[in-house]
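**Q** Got a structure here, written out as C-alpha cells. Questions coming.
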Amino acid sequence: MKKLVKICLLLAFAFVVFFGGNALVHSTSDDKFCTICHEWMDPMVTTYHGSVHGGANKNGFKAKCVDCHLPHDSYIGYVFKKAANGVSEVAYMLTNDAKDYDWLNNRKNREKFVYDSGCLSCHERILDINSSNKNIDDMHALYAKFKDASVNKLSCVSCHKNVGHKNLGKTLYEIKHPPVGKW
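Here the sequence shown stands for residues -23 to -1, 1 to 160, where the numbers follow mature numbering (1 follows the signal peptide of the UniProt record, and there is no 0).
Printed below as a string of C-alpha cells:
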C-alpha cells in the first residue's frame, strides 16, 4: 500500500510539473511578456507589429517571438534554449546597459537567433518547389541544397534578412543617428 501511495504521489507531482511547466513556457512566449523586462526592445516590437508576421496582414495572423527566436526541432531543445536565453539575458541586463549594445551591427548574426525550424513549422511547403515564380523555386532549391552544408550553409534569414521586423535596420540606425528634419 505504501508503494502505491508513493507511486500516486510521484505521478501527481510529475503531472503538476509537466502541465504547470508547459503552461509557464507558453505564457512566457509572446511580445507582451518579453517586453516586460526588455524595455529596450521597443524598436523590435514596433517593427514586428508593422510586419506581416506581426499582424500586418489581411488575416491578422501574428507569430509569437518564440516562433522565430527559439528552435522547434524538439520540445526539450526548445525549453532548454528558452531557459538558457532567459538566464543569459538576465545576466546581461544586470551587468550592462542594453541601450549601449550595437543592435544594428548584431543583425549580421541573425542566423544565431532566428531558427529555420521555426520558419518551416509554418512554411513547410517551401521545399515543394512548385510556386508560380521560377526565381522563388530556384532560390528555395538552393536553400534545400545548402541548408545542412558545413561550408556556405544557407538559412532562411540568409535571404530573408528583414523578415519579422519591417524596417528594423532603418529604425535602429535612426535611433543612433536621428534624421535632421523632414526632407
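Glycine included, every Cβ here is placed at the ideal spot set by N, Cα and C.
#1: Based on Cα-Cα distance, which residue from N73, N62 and N34 lies nearest to W17?
#2: With H, G and I counted as helix, E and B as strand and the rest as coil, what does DSSP make of K(-21)?
#3: Between the beta-carbon of V140 and the beta-carbon of H49, is there less than 8 Å?
#4: For the alpha helix (DSSP H) containing Y52, list its first residue and its last residue.
#5: Reducing DSSP to helix, strand and coil, say where K159 ends up.
#6: Taking the alpha carbon of residue 205 as the reference point, which residue from I152, V157 and L(-20) has its own alpha carbon closest?
#7: Give the single residue among G32, T12, A121 and L131 whose Cα lies nearest to the Cα of I106.
#8: Provide the residue span of the alpha helix (DSSP H) that contains L104, from first to last.
#9: With distances taken Cα to Cα, identify the nearest neighbour of V22 among K147, Y150, K143 and P156.
#10: Residue 183 and T24 look like a contact to me (Cβ under 8 Å); what is the Cβ gap, rounded to whole Å?
#11: Would you identify the three-state DSSP class for K39, choosing helix, strand or coil?
**A** With the given structure in hand:
#1: N73
#2: helix
#3: no
#4: Y52 to T72
#5: coil
#6: The structure shown does not extend to residue 205, since the chain is modelled only from -23 through 160, so no value can be given for it.
#7: A121
#8: Per DSSP, L104 belongs to no alpha helix (DSSP H) and is neither H nor E.
#9: K143
#10: Past the edges of the chain, shown from -23 to 160, lies residue 183, and the structure says nothing about it.
#11: strand
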